[in-house]
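Number of protein chains: 2
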Amino acid sequence: MAGCASVEQNDAVHGPTTSSAELEARAHALDAAHGGTDLRERFELPAAVVYLDGNSLGALPRGVAERVAEVVRVEWGRDLVGSWNDHDWWDAPRRVGDRLAPLLGAAPGQVVVGDSTTVRLFQTLHAAARLRPDRHVLVTDPGSFPTDLYVADAVAQQAGWTVEHATPDEAAATLARLDEEGRPAAAVAFSQVDYRTGRLWDLPGVTAAAHRAGALAVWDLSHSAGALPVGLDEHAVDLAVGCTYKFLNGGPGAPAYGYVASRHVRDVVPVLPGWQGHARPFAMERTYEPVDDVARMRIGTPPMIALLALEAALGAFDGVTIDAVRARSLSLTGFLRDALEASVTGVEVLTPHDPARRGSQVSVRHPQAYGVVRAMAARGVVGDFRAPDVVRLGVAAPYLTHADMLTAARAFAAVLAADEHLDPEHAVRAAVT
Amino acid sequence: MAGCASVEQNDAVHGPTTSSAELEARAHALDAAHGGTDLRERFELPAAVVYLDGNSLGALPRGVAERVAEVVRVEWGRDLVGSWNDHDWWDAPRRVGDRLAPLLGAAPGQVVVGDSTTVRLFQTLHAAARLRPDRHVLVTDPGSFPTDLYVADAVAQQAGWTVEHATPDEAAATLARLDEEGRPAAAVAFSQVDYRTGRLWDLPGVTAAAHRAGALAVWDLSHSAGALPVGLDEHAVDLAVGCTYKFLNGGPGAPAYGYVASRHVRDVVPVLPGWQGHARPFAMERTYEPVDDVARMRIGTPPMIALLALEAALGAFDGVTIDAVRARSLSLTGFLRDALEASVTGVEVLTPHDPARRGSQVSVRHPQAYGVVRAMAARGVVGDFRAPDVVRLGVAAPYLTHADMLTAARAFAAVLAADEHLDPEHAVRAAVT
């Protein structure tokens, strides 16, 4: 098994008959084979924890604490307001956007960082409405993360859109039906990876279908960027948003990003116009005139400490291609699935087995999912719970190993074997997990 | 003159005949008299700088760097996603809002922190539109900070409002005229202090006039909060927003706040609905239902490092009333004006002399304002420039002394005497000041 790194081989040998010793040998062999993408030394993680919630809050990359201290003490404390020039704070939203762009498959000049994902999506969906003024239907997935649904509903109401619900797999048929009904879609708005199931949708195919129907393709990359190739330019995506505190490790609530394909940049009209997107922000003009590039999507002053923390955090990807991260991720999630199926009787994995449809997590359905998550955490394996019955094990490949996957599967099995998930301390659903 | 702290006495002796020695003696006496509110030790300021740009970016309060380091290394790095519960990240927008509230004259439960001032104002003006659905006019000041004007124009277009321009002094007459014309105003939206001139407008009077006309009063407190009493509850303000990185010293781009008077909280409908304002955010429901308190104005995940830095920064006001800060500020700005008039021939001060109309800055008009600001900075006195011809000297009272005011006035005079403001190095207008 040594050197066996491909998903196919990896999957070929899984099964409930695999022994614990065999799993351990496989974990060892796979970790050896994937040693080149083991970036754990780039992160400051507690030694005793297997952290499977990097899809909620990514781990702290090394160097970020030092950079933040410098921003606070030197740039803010010593150099004060001059830092807008002297440390180029002003251009950070675009500069960090350009730094992020390669991870998204985007050429420079199309990504801007700032605000929350919700605000970015609001700005972006309204931009879509203004790019397709003669169309009045938005197609979106009812299984999207709730804030995406709330924003879609709000923008629809404000822009005079009707919302049609469809999964990305149903998008082509829905777009065709809408065309037949004489009410063509203005846009589709989907997440590339489903936040609960970890299902990876067909971004290239859905984007192409949208374009065939004359609609724009808007993607939320919150659960895919930093974990797998997105290929925004290659697949001609129109608009995209995403958060940076999950697989991009930008820190809690780190500012989100928006992507506008260069062909649209001069036509997007910010519904939420701020002075930082003005053509001449320091002329203090009374009338809004957007700057002639993607920075027009900027709004107000960004939270600089958080934004510069994100910039430093992106250093964790230096010299690593997203394809290499993806290869490691697929091996890890494939092995985690195998280990769970070998260790936990009757486990129901929600995340697709097909690598072409698998994001970077393994979600498991369990009736006492909340208790399982809490009891696993007590054993040092941190995953998370998504209502009503999902145990979500996020796999941020850069800082996890196959040995960690085995530890997680064993913890899951041990929790169930000892009924720890039924312990009242673990079984009560708190307000926040 | 020793012990002479009141503005009236202070102003009574000013004049161009005051000698340099007399000014120095006054500075010394006033600093002695105001020793109880000298909080410079609470800030980490470079010793060689007189910092008169705290109305753009406030200085770094002591303890913030340590707190930020703890947030990064311990809360993010060690405790990871559990910090949402264990360190109560989740409630921070409301908790920090409540901590800020006393400085605004607001009872708890009415202030929420997060997003930029621009986004907060957008959310707030749309809320005003929805609170007054039968009215279609917004009264605002054409001299407002540009982003306020852009947002007012955008919201007006989206909400079907007409914008009427008037200064706060003209508000009552404008509201009466609009009533006569049968098109009553939905709201007035003003800044309490003009960002260029430092003029303090009559918030109580204008708010009362708005209410007499059945309109809402919306205030931007960016240039007043932290410098002078606002009295939101006392004066029955309806809605307010403000930034926290000026006189509140929250750090570059620190998140802004929004205030909703408790009588309106259950009626404001967020135009930009985010999952963090949902009644049951972790139930992941498909339909938006706002929580039953001011947290409904929350949108997406706030930038936690920046938000917790702000929380720590507010400690600089511990044990100090805003009235005490205001008394010190008036003495400082009064003396700065005197010192400028005594030191600089023909200086034209834009900021009103009347303490009831004076914010916490002294703005001076000069045809080479940009060169003056740059040349003063080279002498260690940091003010800022506002186009086209304003030298803006912000006075953040907690960390400035009367001696600093005299140093600033002398630097201004020295720059002009040596024509340093005409030096090409200083006279060229850069993109950002």
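Going line by line, the protein sequences match chains C and F.
This note's numbering applies: residue 1 is where the first sequence begins, and numbers increase by one.
This note's numbering applies: residue 1001 is where the second sequence begins, and numbers increase by one.
Each residue gets a CB set at the ideal place from its N, CA and C atoms; glycine is no exception.
Per-residue burial, residue i [other beta carbons within 10 Å of its own, 16 or more giving buried]
| i | result |
| --- | --- |
| residue 160/C | exposed |
| residue 1002/F | Residue placement at residue 1002/F is flagged as unreliable, the pLDDT there being 35, under the threshold of 50; a coordinate-derived value is accordingly withheld. |
| residue 1074/F | exposed |
| residue 419/C | exposed |
| residue 417/C | exposed |
| residue 1199/F | buried |
| residue 207/C | buried |
| residue 1157/F | exposed |
| residue 1088/F | exposed |
| residue 1354/F | exposed |
| residue 142/C | exposed |
| residue 1398/F | buried |
| residue 1148/F | buried |
| residue 348/C | exposed |
| residue 1019/F | exposed |
Per-residue DSSP class, three states only, for residue i
| i | result |
| --- | --- |
| residue 1084/F | helix |
| residue 1247/F | coil |
| residue 432/C | Confidence in residue 432/C is poor, its pLDDT being 38 and thus under 50, which makes the residue's placement unreliable; the coordinate value appears in the next sentence. Three-state DSSP puts residue 432/C in coil, outside helix and strand. |
| residue 1412/F | helix |
| residue 383/C | coil |
| residue 10/C | At residue 10/C the pLDDT is 43, less than 50, meaning the model places this residue with poor confidence; the figure from the coordinates comes in the next sentence. Residue 10/C falls in the helix class under three-state DSSP. |
| residue 327/C | helix |
| residue 275/C | helix |
| residue 394/C | strand |
| residue 280/C | coil |
| residue 471/C | A question about residue 471/C goes unanswered here, because the residues of chain C that appear run from 1 up to 433. |
| residue 43/C | strand |
| residue 348/C | strand |
| residue 1140/F | strand |
| residue 150/C | helix |
| residue 1357/F | helix |
| residue 1269/F | coil |
| residue 261/C | coil |
| residue 227/C | coil |
| residue 1213/F | coil |
| residue 1418/F | coil |
| residue 1314/F | helix |
| residue 15/C | Confidence at residue 15/C is low in this model, with a pLDDT of 45, below 50, so the placement of that residue should be treated as unreliable; the coordinate-derived value is given next. If DSSP states are grouped into helix, strand and coil, residue 15/C belongs with coil. |
| residue 1029/F | helix |
| residue 1102/F | helix |
Residue j beta carbon less than 8 angstroms from that of residue i
| i | j | result |
| --- | --- | --- |
| residue 1115/F | residue 1299/F | yes |
| residue 23/C | residue 411/C | no |
| residue 1261/F | residue 1292/F | no |
| residue 1043/F | residue 1062/F | yes |
| residue 1393/F | residue 1052/F | yes |
| residue 1311/F | residue 1099/F | yes |
| residue 1251/F | residue 1316/F | no |
| residue 1373/F | residue 1383/F | yes |
| residue 1396/F | residue 1247/F | yes |
| residue 1139/F | residue 1173/F | no |
| residue 328/C | residue 28/C | no |
| residue 1282/F | residue 375/C | no |
| residue 117/C | residue 242/C | yes |
| residue 1258/F | residue 1112/F | yes |
| residue 1245/F | residue 1125/F | no |
Supposed contact pair residue j and residue i - C-beta distance, whole angstroms, cut 8 angstroms
| i | j | result |
| --- | --- | --- |
| residue 1322/F | residue 1229/F | 5 angstroms |
| residue 154/C | residue 1272/F | 7 angstroms |
| residue 362/C | residue 351/C | 5 angstroms |
| residue 45/C | residue 402/C | Not quite, the Cβ-Cβ distance comes to about 16 angstroms (not below 8 angstroms), so this is no contact. |
| residue 359/C | residue 144/C | With a Cβ gap of about 14 angstroms, residue 359/C and residue 144/C do not count as contacting. |
| residue 106/C | residue 232/C | 5 angstroms |
| residue 336/C | residue 409/C | 7 angstroms |
| residue 1413/F | residue 303/C | About 39 angstroms; that fails the 8 angstroms criterion. |
| residue 1369/F | residue 1390/F | 6 angstroms |
Beta carbon proximity, residue i to chain A, threshold 8 angstroms
| i | result |
| --- | --- |
| residue 131/C | This model lacks chain A altogether; the protein chains it does include are C and F. |
Handout entry: Runs of alpha helix (DSSP H) wholly within the region 1154-1211 of chain F (minimum 4 residues, chain order)
Key = 1171-1180
Handout entry: alpha helix (DSSP H) runs wholly inside the region 1047-1085 of chain F, at least 4 long, in chain order
Key = 1064-1070
Exercise for the section: With a floor of 3 residues, list each beta strand (DSSP E) that falls wholly inside the region 1105-1139 of chain F, ordered by position along the chain. Expected result: 1111-1113
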